[in-house]
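Number of protein chains: 2
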Amino acid sequence: MKKVRSKRLCIIGVGLIGGSLARAVREKGLYHEIIGCGRSVANLERAVELGIIDNFEQDIGKAVNDCDMVVVAVPLGAFKGVFEQMKDHLPDTAVVTDVGSAKQSVIEDAKKALGNAYQNFVPGHPIAGTEKSGAEASFAELFQERRVILTPTDDTSVEAVARVRAMWECTGAEVIDMEPAHHDEVLAATSHLPHVLAYTLVDTLAAMSERDEIFQYAAGGFRDFTRIASSDPAMWRDICIANRDAIMKVLGQYQRDLTALSQAILNNDESALFELFSRAKQARDRSINSD
Amino acid sequence: MKKVRSKRLCIIGVGLIGGSLARAVREKGLYHEIIGCGRSVANLERAVELGIIDNFEQDIGKAVNDCDMVVVAVPLGAFKGVFEQMKDHLPDTAVVTDVGSAKQSVIEDAKKALGNAYQNFVPGHPIAGTEKSGAEASFAELFQERRVILTPTDDTSVEAVARVRAMWECTGAEVIDMEPAHHDEVLAATSHLPHVLAYTLVDTLAAMSERDEIFQYAAGGFRDFTRIASSDPAMWRDICIANRDAIMKVLGQYQRDLTALSQAILNNDESALFELFSRAKQARDRSINSD
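The listed protein sequences derive, respectively, from chains A and B. Take the first sequence: its letters are residues 51 to 341, numbered as in our numbering. Take the second sequence: its letters are residues 51 to 341, numbered as in our numbering.
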């Protein structure tokens with residue numbers, strides 16, 4: 051059994067989420083040392099400069115060596131490779147967690163790749179973010195008063211869950227548990243579908259002949275509506291693939307609803323339009339704290 | 051010929067837009083008196099209390115009497131009735147303008163209802179707003195550094211256009227001219243379609259069995275994306291009817307693009323997804339000043 055020398059945290063993927071987590075736990079002194087790992091040397095060097103991480107290591111095996119907490123914060127398509135590379139280098143006492151936006155695919159990857167370490171893997175997802183990417187965009191307050199969802203399975207060590215929970219609570223987040231499949235459905239509806247719709251809208255308009263003029267007259271509502279279309283394309287490609295079934299289900303329902311609305315416009319059906327818009331406004335006003 | 055006693059402005063519909071215009075021109079002392087007109091006495095009384103208008107009159111004929119500028123800021127479905135009621139009471143020198151989100155339907159209503167006064171009607175549309183409604187939500191800075199589009203026709207008096215332009219410039223807006231049909235196409239794409247999509251999304255999610263939970267886990271991106279679904283339902287019903295053809299055209303294209311994206315997800319077509327998301331991100335980052 052390898053011995054953990056000190057409280058060391060390894061963040062694989064020092065981007066907006068990984069970097070913000072590092073900043074937040076550093077402020078609380080939860081770890082003695084924070085190691086960054088990732089593919090872009092420039093980003094890792096910048097993260098050291100900014101004081102987000104203490105140092106970095108590009109070899110995943112070396113990066114996780116001697117760490118007691120490993121956080122995987124890479125696009126979902128990279129998880130399998132990352133798990134495979136860390137497997138033989140993890141201390142027995144190390145806990146591994148992640149921040150992926152879909153949980154069933156990550157659990158499957160972890161189960162296949164982590165071997166014995168799988169029981170110390172705690173699937174997690176902080177419900178926080180901006181449209182920006184990279185260490186530069188990270189900030190310690192990102193998780194304050196936000197939710198972090200953990201989706202442990204029957205195989206997950208209870209002690210590992212407790213350690214991941216403690217880490218996130220120290221960022222100011224509220225930590226809750228959820229079934230993995232249920233997480234994937236809820237996130238498909240509230241996050242993945244809106245991103246798909248926003249990307250499509252910008253792409254539809256960008257293909258129009260008056261594209262320059264169109265974007266020129268876009269007002270505040272449009273800016274807010276399409277902000278999420280400035281998110282990282284690789285990350286969202288991977289989410290669409292990883293959470294395909296749940297996304298397809300809610301997207302299909304959305305397309306049916308949009309067709310019904312389109313029919314109401316075509317038919318000058320004023321009462322159907324008023325009813326739908328009123329119902330939506332009420333649902334949003336009731337449920338969402340707007341500002 | 052009726053004589054205009056002093057510089058009087060009449061705002062029909064003292065809501066977010068009408069109220070903000072009144073506040074902005076009042077700060078510059080452009081008019082000696084500002085009369086409000088509208089259906090809700092409570093809203094008009096509040097507007098007087100807040101110092102937005104000097105007094106109010108619920109009869110449109112009396113409200114426009116002796117005014118040299120009349121601004122119609124009501125939902126598009128109410129324009130025809132408003133024009134008919136003011137027609138016989140407008141001073142010959144009065145200029146009438148509006149703030150409607152679709153211009154061809156307003157021009158048609160004005161042409162039919164205003165008689166001789168039609169030549170002094172200047173169709174206009176400030177590209178500004180929030181999801182809030184009512185006089186209470188208005189603020190003088192709403193139009194600062196925003197665009198106001200005027201869509202005069204061949205019949206419109208050049209002097210009337212100049213007076214409306216001067217009014218809007220005094221709010222800090224940049225005033226530009228556009229063909230009515232072109233305005234309606236550009237706004238269908240940048241404003242009307244996004245509202246339709248956001249209302250539909252909230253309605254789709256609100257109909258799901260996990261609706262309460264879904265809204266509970268909605269993060270910042272969702273809040274921004276759906277903010278416009280908190281807009282006034284009557285206003286947006288009327289916009290969908292008034293600008294039906296332009297909205298149907300861009301909505302149809304959007305539906306085709308969304309179906310293509312849905313097919314790419316279904317087929318695990320990673321390169322199609324990456325390409326689309328990258329293209330959209332680039333288009334947005336290049337064209338939109340995000341914050």
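Ideal placement from N, C-alpha and C gives every residue a C-beta, glycine not left out.
Taking the beta carbon of A/Gly271 as reference, the chain B residues within 9 Å of it are Gly179, Thr180, Glu181, Thr240, Ser241, Pro244, His245, Ala248, Arg277, Ile278, Ser281, listed in sequence order. DSSP places A/Met119 in the uninterrupted beta strand (DSSP E) bounded by 119 to 122.
By the C-beta density criterion, B/Asn166 is exposed, having fewer than 16 other C-beta atoms within 10 angstroms.
In the three-state reduction of the DSSP assignment, B/His82 falls in the coil class, being assigned neither a helical nor a strand state. A Cβ-Cβ contact shorter than 8 Å links B/Val214 with B/Gly174. Shown here for A/Thr180: same chain residues with a beta carbon closer than 7 Å to its own, the five before and five after excluded, namely Leu66, Ala187 in chain order.
In this model, A/Tyr267 and B/Leu237 are separated by some 8 Å (Cα to Cα). Residues Ala248, Tyr249, Val252 of the same chain have their beta carbon placed closer than 6 Å to that of A/Ala279, with the five preceding and five following residues left out of the count.
In terms of Cβ geometry, B/Gly150 and B/Phe133 do not form a close pair [threshold 8 Å]. In this structure, DSSP gives B/Ile226 an extended state, which the three-state scheme calls strand. Cβ proximity to chain B below 8 Å picks out Arg196, Arg197, Ile199 from the region 193 to 215 of chain A.
Put simply, the CB of B/Ala187 is far from chain A, with every gap to its CB atoms at 8 Å or more. With the criterion set as a beta carbon lying under 8 Å from some beta carbon of chain B, the members of the region 297 to 311 of chain A are Ile297, Met298, Val300, Leu301, Gly302, Gln303, Tyr304, Gln305, Asp307, Leu308, Thr309, Leu311, in sequence order. Counting along the chain, no alpha helix (DSSP H) covers A/Gly174; the unbroken beta strand (DSSP E) around it starts and ends at 174 to 177.
Residue-level contact by beta carbon fails for A/Asn115 and chain B, as no gap is shorter than 8 Å. For B/Thr147, the uninterrupted beta strand (DSSP E) segment begins and ends at 145 to 148. The region 283 to 302 of chain A and the region 283 to 302 of chain B do not touch, with fewer than 3 CB-CB distances between them shorter than 8 Å. If the five residues before and after A/Met119 are omitted, its C-beta is found closer than 6 Å to the C-beta atoms of Leu59, Val145, all from its own chain and listed in chain order. Taking 9 Å as the Cβ-Cβ cut-off, the region 126 to 142 of chain A approaches chain B at Gly127, given in chain order. Under the 8 Å Cβ criterion, the region 218 to 228 of chain B counts as touching the region 183 to 199 of chain B, having at least three qualifying pairs.
Each residue's CA atom was taken as its position, placing A/Thr206 and A/Phe171 some 7 Å apart.
A/Thr309 counts as exposed, since fewer than 16 other C-beta atoms from the protein chains shown sit within 10 angstroms of its C-beta. Between A/Val156 and A/Ala239, the beta carbon gap of about 19 Å keeps them out of contact (Cβ cut-off 8 Å). B/Trp218 is outside the set of residues whose beta carbon lies under 8 Å from a beta carbon in chain A. Between the beta-carbon of B/Ile103 and that of B/Val64 there is about 6 Å, and that keeps the pair under the 8 Å contact cut. With respect to the 8 Å criterion, A/Ser183 and A/Asp282 are classified as neighbours on the basis of their beta carbons. B/Ala212 sits exposed, since fewer than 16 C-beta atoms from the chains shown fall within 10 Å of its C-beta.
When 8 Å is used as the limit between beta carbons, A/Lys57 is near no residue of chain B, the shortest such separation being about 30 Å.
Under the 8 Å criterion on CB atoms, A/Asp234 is classed as non-interfacial with respect to chain B. Within the same chain, Ile102, Ser188, Phe189, Ala190 come within 7 Å of A/Arg73 by CB-CB distance, once the 5 residues on both sides are set aside. No Cβ of chain B is located within less than 8 Å of the beta carbon of A/Thr221. The CB of A/Val121 never comes closer than 8 Å to any CB in chain B; the least such distance is about 19 Å. Straight through space, the alpha carbons of A/Gly271 and B/Arg96 are spaced by roughly 27 Å.
When the beta-carbon positions are compared, B/Pro244 and A/Phe275 come within less than 8 Å of each other. For B/Cys290, the secondary structure class from DSSP, reduced to helix, strand or coil, is helix.
In the structure shown, B/Phe133 falls within a helical segment according to DSSP collapsed to helix, strand and coil.
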